[in-house]
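Just below is one structure, and these are the notes that go with it.
Protein chains in written order, with my numbering: chain A, 76 to 320; chain B, 76 to 320.
Structure (structure tokens):
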């Protein structure tokens, strides 16, 4: 039997909860994981609060194969992710010699201050996620991948860490536009879903270019033959609705 | 002592977790709640899975004053929010006579099908959230507010329900642009944060119009005098950095 690999996301940051910053990382990581055949099962957003971070991280890391965190690894007092992760794993945390050495090359004299050195604090046993363009490194410890909150940096970190992750059997997906209101496809769609048990059939209403209620129908499966069979049934249903109008 | 009112958000939908749909509701509700003096403490995103929805809803509703859910109240087989909420509360669920009556006015003959009637299923004891422009109503049961996933409809529902909620003392906020890299403000900012305990001081790096690393500093407090005192200290620190260059 093919393995299914699961993941959770933990977004850390007061600025997301206050609405001041609009998160762009959840959607990016979600799509990225789908593309590398990892099933995202749950997302949580918590404040810059140690107890909240530890509780959420422990819940997610015991439940899923991987947990991706974003935010809270910068140089200021409210950046407490690395320390919280170390506590969650019950390991020590200290300035990582490799990161400190890189900072010494990059920052001269007073610029290598305590705040910047804070970004070199890495939990014991973690592997760094870094490159020439990343200042403050992310890290992976156990099944937890700790990344920056700034989207461009987080995206660079995903590219570095992704090849190291195990992935499952890719979830395949096809969609068709129903040209019908969701309430008109709900009944037949349920019958199709019942008749095709190894597929996931979703229905997503939207307003089309004529400002009319319309619906996208999406069939997902890890098995191409089952996907095709279900999609054929969906398309026949859509054609039937069209003919009935 | 002034009361603090807290909230959680529960986003329900496979399409968010697959990355197919990019969520726009978290940021909107977060900002809305800040404006009506309700503190958003946590967000969760779960799949269209009854056990997952119930577990997350129960965790959030017992922890916070309010829980706002989005998604899963449409007419198709994967819309299971209303039934899951009823189970979480241990109450029955049935077609709500008022909603059915409205549907009978709106849909003629075959159009009032089983799928559409599904949108009239409301947990016992819930209050409807509806208006002339909202087809499938949301509802409030206990401290849980159940809303649509389509942003425009969710936003209309927020406007209907918001006046019925208790709110706390508004969190005030002021920000200043540091014109400095985050690593240069981290040290002095920590000292200011320690010296101003009833404020929350955040630091948000960004690339400015010259593509240079820059930082926004945000001070938040429920007390205007304390906010002003902390902000004065932050501004003095920023001026000091400027003078030192």
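The beta-carbon is built from N, C-alpha and C at its ideal position, and this holds for glycine as well.
- For the 9 Å CB-CB criterion, residue 214 of chain B and residue 223 of chain B do not form a contact.
- Under a 10 Å Cβ-count criterion, residue 151 of chain A is classified as buried, with 16 or more other Cβ atoms of the shown protein chains found around its own Cβ.
- Note on geometry: alpha-carbon atoms of residue 239 of chain A and residue 121 of chain B lie some 26 Å from one another.
- Boundaries of the alpha helix (DSSP H) harbouring residue 301 of chain A: 299-319, taken from the DSSP string.
- By a beta-carbon distance limit of 8 Å, residue 153 of chain B contacts residue 278 of chain A. Their separation comes to about 7 Å.
- Look at the beta carbons and you see the segment 84-101 of chain B not touching the segment 254-273 of chain A: under three pairs across the two are nearer than 8 Å.
- At least 9 Å separates the CB of residue 247 of chain A from every CB of chain B.
- Chain-order list of chain A residues neighbouring residue 148 of chain B: empty, with the shortest C-beta distance near 11 Å, by a criterion of under 8 Å.
- Among the residues of chain B, those whose CB is under 7 Å from the CB of residue 264 of chain A are 151, 152, following chain order.
- Between residue 252 of chain A and residue 275 of chain A, the C-beta gap is not smaller than 9 Å, which leaves the two residues out of contact.
- Contact residues of the segment 81-110 of chain B toward chain A are 84, 86, 88, 89, 90, 91, 92, 93, 94, 95, 96, 97, 98, 99, 101, 102, 103, 104, 105, 106, 107, 108, 109, 110 (C-beta to C-beta distance below 9 Å).
- For residue 175 of chain A, the enclosing alpha helix (DSSP H) has its first and last residue at 172-181.
- Not flagged as an interface residue toward chain A: residue 310 of chain B, since no C-beta distance is shorter than 9 Å.
- Out of B:243, B:130, B:115, B:179, the CA that lies nearest to the CA of residue 88 of chain A is found in B:115.
- Counting C-beta pairs with one atom in each stretch, the segment 226-239 of chain B and the segment 101-108 of chain B have three or more that are closer than 8 Å, which means they touch.
- Residue contact with chain A for residue 189 of chain B: present (Cβ-Cβ distance below 9 Å to some residue of chain A).
- Contact between residue 93 of chain B and residue 109 of chain A holds, since their C-beta atoms are separated by about 5 Å, short of 8 Å.
- Contact of residue 257 of chain A with chain B is assigned, a C-beta pair being separated by under 9 Å.
- Look at the segment 122-157 of chain B and you find these whole runs of beta strand (DSSP E), each 3 residues long or longer: 141-145.
- Here residue 182 of chain B is near residue 258 of chain A, since their CB atoms are less than 9 Å apart.
- The alpha-carbon of residue 225 of chain A is positioned some 20 Å away from that of residue 91 of chain B.
- Between residue 167 of chain B and residue 198 of chain B, the CB-CB gap stays under 9 Å.
- In this structure, the beta-carbon distance from residue 256 of chain A to residue 290 of chain A falls below 9 Å.
- Contact annotation: residue 136 of chain A and residue 117 of chain A have beta-carbon atoms that are not nearer than 9 Å.
- Residue 144 of chain B is classed as buried because its beta carbon has at least 16 other beta carbons within 10 Å across all chains shown.
- Take residue 229 of chain A, set aside five residues on each side of it, and the residues of its chain with a beta-carbon closer than 7 Å to its own are 100, 145, 222, 223, in chain order.
- Of the residues assessed, residue 179 of chain B falls on the exposed side of the cut-off, its CB having fewer than 16 other CB atoms within 10 angstroms.
- Out of B:126, B:119, B:271, the CA that lies nearest to the CA of residue 142 of chain B is found in B:119.
- The three-state secondary structure of residue 250 of chain B, taken from DSSP, is strand.
- By the Cβ neighbour-count rule, residue 184 of chain B is exposed, with fewer than 16 other Cβ atoms within 10 Å of its own.
- Among the residues facing chain B, residue 251 of chain A is not included, as its CB has no counterpart in that chain under 9 Å away.
- Rounded to whole angstroms, the separation of the alpha carbons of residue 130 of chain A and residue 173 of chain A is 30 Å.
- Membership of residue 196 of chain B in any alpha helix (DSSP H) is not indicated; the residue belongs instead to the beta strand (DSSP E) covering 196-198.
- Under the Cβ criterion of 9 Å, residue 141 of chain B is not counted among the residues facing chain A.
- Membership of residue 191 of chain A in the alpha helix (DSSP H) is indicated by the continuous run 189-193.
- Assignment of residue 94 of chain B by DSSP, reduced to helix, strand and coil, places it in the coil class.
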